[in-house]
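Numbering (the working numbering), first residue to last: 8 to 116.
Ideal placement from N, C-alpha and C gives every residue a C-beta, glycine not left out.
Comments concern the structure below.
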DNA sequence: CCGGTGACAAAGC
DNA sequence: AGCTTTGCCACCG
């Protein structure tokens, strides 16, 4: 197959599915793992298409551990509830113990 | 078909 | 040392 284009989105989805439960990662980490550290924006935008896929977008947050994408979820605190349900402490859209729950594909994979 | 946008991050000033 | 601007590239209108 000539998928040399390697849809950035598809790659993002793949990595996102590899995120273990109770862990979170940043858009930049995924982008960097894909070889496009400056394409963090695309990673987040890719999550727009995650709606309908098995991509745990709620495990993907920004560099500060802030649930930036929660605004795209259904309702208001759905994303936060999902993370807390997995053992991640989230207060005011801010992930607590980020260093503890942070998962870097470049290191784990 | 082409322009604008977008869930961020890092480099520049 | 902090704020500003660019980069990234696919999707939506």
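As DSSP reads the structure, residue 83 sits in no beta bridge.
Taking a 10 Å sphere around the C-beta of residue 63, we find 16 or more other C-beta atoms and assign the residue as buried. DSSP places residue 62 in the coil class of the three-state scheme, outside both helix and strand.
Non-local C-beta neighbours of residue 33 in its own chain, meaning closer than 7 Å and more than five positions away in sequence, comprise 68, 69 and 70, ordered along the chain. Note on geometry: alpha-carbon atoms of residue 82 and residue 91 lie some 16 Å from one another.
Taking residue 105 as reference, the option from 73, 45, 114 and 59 with the minimal CA-CA separation is 73. Here residue 113 is exposed, its C-beta having fewer than 16 other C-beta atoms within 10 Å. Per the coordinates, the alpha-carbon of residue 52 lies some 13 Å from the alpha-carbon of residue 14.
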